[in-house]
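Numbering (our numbering), first residue to last: 3 to 453.
Virtual Cβ for every residue (Gly too), placed ideally from N, Cα, C.
Worksheet for the structure shown next.
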């Protein structure tokens with residue numbers, strides 16, 4: 003069997019701070035103070051091209067971490083997720099559920115035109131009361147209800163992208179004097195329990211029509227949504243055995259939906275620390291770890307778990323079994339924390355340190371050959387398709403490595419000439435108001451009235 007081609011993504015957030023390596027702003031040369039400039043993001047895009055990186059994956063949140071006493075202060079003192087900006091201005095992916103499906107469909111069609119078919123949508127259901135209040139709600143929508151709304155939301159977007167304009171609607175025929183053929187442009191009428199519209203899709207079909215769909219759900223509802231819609235999935239796990247079962251489940255669920263299970267690309271997080279020697283890499287690791295702000299990490303993970311960890315003695319064992327799965331918590335993070343207790347004594351300080359030091363994903367430390375072995379182990383034993391690369395010193399560490407001779411070496415150790423991930427063509431031509439096929443065929447095809 004030919005080796006699997008591995009895809010690598012940068013993992014970032016459009017904030018003037020850090021979402022992974024908390025406290026790394028203290029490191030000389032750290033680029034967090036530049037993260038509110040267009041130059042930073044265009045530089046990062048050029049760096050990604052140079053390193054043959056498949057994509058740039060942007061996390062995005064609304065609100066702040068203020069559910070518990072002292073949490074807000076710890077967040078801002080550490081610079082965790084602070085000074086948040088809208089990534090849609092800089093890049094091509096964001097959590098945009100606050101827009102109506104009609105407006106979001108137009109936004110992504112526009113981005114897809116502007117990027118010549120290189121846009122992706124990370125579909126996220128918000129989890130915090132802070133984000134709900136920031137958008138005019140009293141509290142977050144219950145967990146499974148959020149996914150119920152998300153199914154309608156994305157189906158309505160599909161209808162607008164795939165069913166409103168037929169191929170060939172744009173003609174600009176000088177002989178007939180017709181710019182667009184109105185017989186090939188159709189009204190979409192959708193009436194759901196949570197969303198409805200009666201409109202023609204505002205934008206004409208973009209190169210992809212539908213952007214690449216990224217998703218990260220690991221709850222029962224989240225997995226069902228991914229198996230139906232996702233083309234790429236961001237997953238957790240600190241070692242291959244943590245993730246292999248999930249990958250097997252999601253591929254089987256995709257097949258049950260009539261999809262090719264290999265059309266779903268699975269990406270765990272990884273934070274490689276490279277050195278020309280093991281000693282050099284270890285010195286980098288020790289330097290970065292000493293800068294990690296565990297209190298900022300504690301505030302962040304408290305929000306994810308919906309548990310005020312600061313209320314517990316920092317160095318005493320914390321009973322992870324006491325964590326319940328609430329509506330305003332990330333279920334995947336709860337599972338990850340409980341898995342930690344199987345091998346180590348979990349304390350609040352440990353959780354804060356882990357969260358501040360790029361979370362719970364793998365952090366291989368060593369030479370390019372040593373790190374490449376870790377990549378290969380994951381690809382072979384977890385059946386993943388690539389990694390979202392989290393950086394301790396946002397992107398600067400990657401730049402240092404790419405500009406060094408060893409990164410040219412590791413590019414070819416990891417993978418050979420990775421090309422941008424291109425989706426399969428759409429299944430068949432769109433009929434009037436009806437999606438008779440969809441890219442990565444096999445997903446259910448609901449009908450929409452064409453009035």
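Looking only at 17, 47, 72, the smallest Cα-Cα distance to residue 312 is reached by 72. Given a length threshold of 4 residues, each whole run of the alpha helix (DSSP H) inside the stretch 281 to 312 is given here in chain order: 296 to 307.
Comparing alpha carbon positions, the residue from 295, 320, 384 closest to residue 355 is 295. Residues 237, 238, 248, 333, 334, 337 of the same chain have their beta carbon placed closer than 8 Å to that of residue 220, with the five preceding and five following residues left out of the count.
The stretch 285 to 302 makes contact with the stretch 358 to 370: 3 or more CB pairs, one atom from each, lie closer than 8 Å.
Ranked by how close their Cα comes to the Cα of residue 345, the residues 210, 241, 299 have 241 in first place. At least 8 Å separates the beta-carbon of residue 223 from that of residue 157. Under the three-state reduction of DSSP output, residue 318 falls in the coil class, being neither helix nor strand. When 13, 199, 218 are compared, the shortest CA-CA separation from residue 160 is found for 199. In the DSSP assignment, residue 33 falls outside any beta strand (DSSP E) and carries neither an H nor an E. If the five residues before and after residue 342 are omitted, its C-beta is found closer than 6 Å to the C-beta atoms of 348, all from its own chain and listed in chain order. Residue 206 is classed as exposed because its beta carbon has fewer than 16 other beta carbons within 10 Å across all chains shown. By the Cβ criterion, the stretch 376 to 392 is in contact with the stretch 264 to 272, since at least three pairs of Cβ atoms, one from each stretch, lie closer than 8 Å.
Between residue 392 and residue 60, the C-beta gap is not smaller than 8 Å, which leaves the two residues out of contact. Linking residue 180 to residue 168 through their CA atoms gives a straight-line distance of about 16 Å.
CA-to-CA, the gap between residue 373 and residue 163 works out to about 41 Å. In this structure, the alpha-carbon of residue 102 lies about 11 Å from that of residue 196. In the structure shown, the three-state DSSP call for residue 201 is strand. The three-state secondary structure of residue 267, taken from DSSP, is strand. In this structure residue 353 is in contact with residue 303, their Cβ atoms being roughly 5 Å apart against a cut-off of 8 Å. Counting the other CB atoms within 10 Å of its CB gives residue 258 a total below 16, which places it among the exposed residues. Put simply, the backbone Cα of residue 235 is about 12 Å away from that of residue 226. DSSP places residue 352 in the helix class (H, G or I) of the three-state scheme. Non-local beta-carbon contacts of residue 218 in its own chain, meaning distances under 6 Å to residues more than five positions away in sequence, involve 236 in chain order. Residue 41 is classed as exposed because its beta carbon has fewer than 16 other beta carbons within 10 Å across all chains shown. In this structure, residue 124 keeps its C-beta atom at 8 Å or more from the C-beta atom of residue 58. If you compare the alpha carbons of 54, 176, 23 with that of residue 7, the shortest gap goes to 54. The three-state secondary structure of residue 220, taken from DSSP, is coil.
Boundaries of the alpha helix (DSSP H) harbouring residue 383: 370 to 383, taken from the DSSP string. Pairing residue 31 with residue 114, the inter-Cα distance amounts to about 34 Å. Here residue 262 carries a coil assignment [DSSP, helix/strand/coil].
For residue 216, same chain residues with a beta-carbon under 8 Å away, outside a window of 5 residues either side, are 59, 95, 122, 123, 124, 125, 232, 233, 234, 235, 236 in chain order. Under the 10 Å beta carbon count, residue 228 is surrounded by 16 or more other beta carbons and is classified as buried.
Separation of the CB atoms of residue 118 and residue 209 is rounded to 6 Å, and the pair is thereby assigned contact status at 8 Å. Closest option to residue 172, judged by alpha-carbon separation, among 278, 75, 186: 186. Residue environment for residue 340: exposed (fewer than 16 other C-beta atoms within 10 angstroms of its C-beta).
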